[in-house]
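Q:
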Amino acid sequence: MTYYPLAIYNSLELVTAPSTSPVTLAEAKSQLRVDFSDDDTLIQRLIDTATSFMDAQGVLGRAMIQQTWAQWLSPNPNQIVYFAMSPFISLVSIHYYNSANSLTAATDSNFEVLGTKNEKTISPKTDYSWPTTYERSDAIKLTFHAGYGSAITNVPQSVRQAMLLLVSHWYENREQTVMNRLENIPYGFEELMSTERASYYG
Numbered sequence: 003m004t005y006y007p008l009a010i011y012n013s014l015e016l017v018t019a020p021s022t023s024p025v026t027l028a029e030a031k032s033q034l035r036v037d038f039s040d041d042d043t044l045i046q047r048l049i050d051t052a053t054s055f056m057d058a059q060g061v062l063g064r065a066m067i068q069q070t071w072a073q074w075l076s077p078n079p080n081q082i083v084y085f086a087m088s089p090f091i092s093l094v095s096i097h098y099y100n101s102a103n104s105l106t107a108a109t110d111s112n113f114e115v116l117g118t119k120n121e122k123t124i125s126p127k128t129d130y131s132w133p134t135t136y137e138r139s140d141a142i143k144l145t146f147h148a149g150y151g152s153a154i155t156n157v158p159q160s161v162r163q164a165m166l167l168l169v170s171h172w173y174e175n176r177e178q179t180v181m182n183r184l185e186n187i188p189y190g191f192e193e194l195m196s197t198e199r200a201s202y203y204g
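Take the sequence shown: its position 193, counted from the start at 1, is 195 in the numbering used here, and no numbers get skipped.
Spelled out as structure tokens, the structure:
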């Protein structure tokens, strides 16, 4: 597993959010054993909150449903650059600010993307180099798709079950504190998350 400086994550920008949540309202209601619609708005809000808490720069450290990210690089980056969000799906484009400080498209075919889906790199091919840029901290923009896939079923079941446990916990415990002592169940949220977790960015 590769660990990156916090500055790398601060250079990430979400371009297009996921089109859906990793678990459905129906799945959450089944987990909660709720067969009425009065709490549908509350349960959906808990699903959305759990998604924000876990997804991408949350506690999972990986993108779940396919989403588009931009990663900004300083001038003269290292020859090999790691994509700071995984699982990597595909490169969309490479842009850079030219000497006139105008955002310009680079030739994607001059670069190669290598590695596994969870540790992908990009570098100029032989006889090519990173473009000469204007002097600014966001000189080069890499746009790419990340996530397990576009469908809910692409997300590992362990991650989806962890989310359902979290939604269940928040549904049953709606205050900041509780009177009775709570204990984690064996092989619960943390254990399920650990099967896929990259790191915690938040």
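Note that the Cβ used here is the ideal one computed from N, Cα and C, for glycine as well.
Nothing here was measured: the structure is a model prediction, and the numbers come from that model.
Of all the options Glu121, Asp50, Tyr99 and Arg35, which has the alpha carbon lying nearest to the alpha carbon of Ser21?
A: For the residues Glu121, Asp50, Tyr99 and Arg35, the minimum Cα distance to Ser21 belongs to Asp50.
Q: Kindly identify the DSSP beta-bridge partner or partners of Ser92.
A: BP columns for Ser92 point to His147.
Q: How about Thr145 and Val83: do their beta carbons lie closer than 8 Å?
A: Contact: no.
Q: Report the CB separation of Gly60 from Ser54 in whole angstroms; it is logged as a contact under 8 Å.
A: Right, their Cβ atoms sit about 6 Å apart.
Q: If you check the beta carbons only, do Asn112 and Lys127 fall under 8 Å apart?
A: The answer is yes: Cβ separation under 8 Å.
Q: What is the DSSP secondary structure of Tyr84, reduced to helix, strand or coil?
A: Strand, per DSSP.
Q: Where does Thr135 land, buried or exposed, given buried means 16+ other C-beta within 10 angstroms?
A: Thr135 comes out buried.
Q: Closest to Thr155 by CA distance: which of Val115, Ser23 and Glu192 is it?
A: Considering only alpha carbons, the answer is Ser23.
Q: Starting from Ser125, trace the beta strand (DSSP E) both ways and give me its first and last residue.
A: Ser125 -> beta strand (DSSP E) spans Glu121 to Pro126.
Q: In this structure, how does DSSP classify Glu29 when only helix, strand and coil are distinguished?
A: Looking at Glu29 - three-state DSSP - the assignment turns out to be helix.
Q: Nearest to Met165 by alpha carbon, out of Thr26, Ala52, Ala65 and His97?
A: If we check each option's Cα against that of Met165, Ala52 comes out closest.
Q: Look at the Cβ atom of Gln68, then the Cβ atom of Leu16, and state whether they are nearer than 8 Å.
A: Contact flag unset, no.
Q: Where does Ala141 sit, in a helix, a strand or coil, going by DSSP?
A: Correct three-state label for Ala141: coil.
Q: Is the CB of Ala28 under 8 Å away from at least one CB in chain D?
A: Here there is only one protein chain, and chain D is not present.
Q: As a quick exercise: from Tyr173, Ile124 and Trp74, pick the residue whose alpha carbon is nearest that of Ser92.
A: Comparing Cα positions, the closest option is Ile124.
Q: Only counting the same chain, and skipping five residues up and downstream in sequence, which positions put a Cβ closer than 6 Å to that of Met195?
A: The answer, listed in chain order, is Ala164.
Q: What does the Cβ neighbour count give for Asp42, buried or exposed, with the cut at 16 atoms within 10 Å?
A: That one is exposed.
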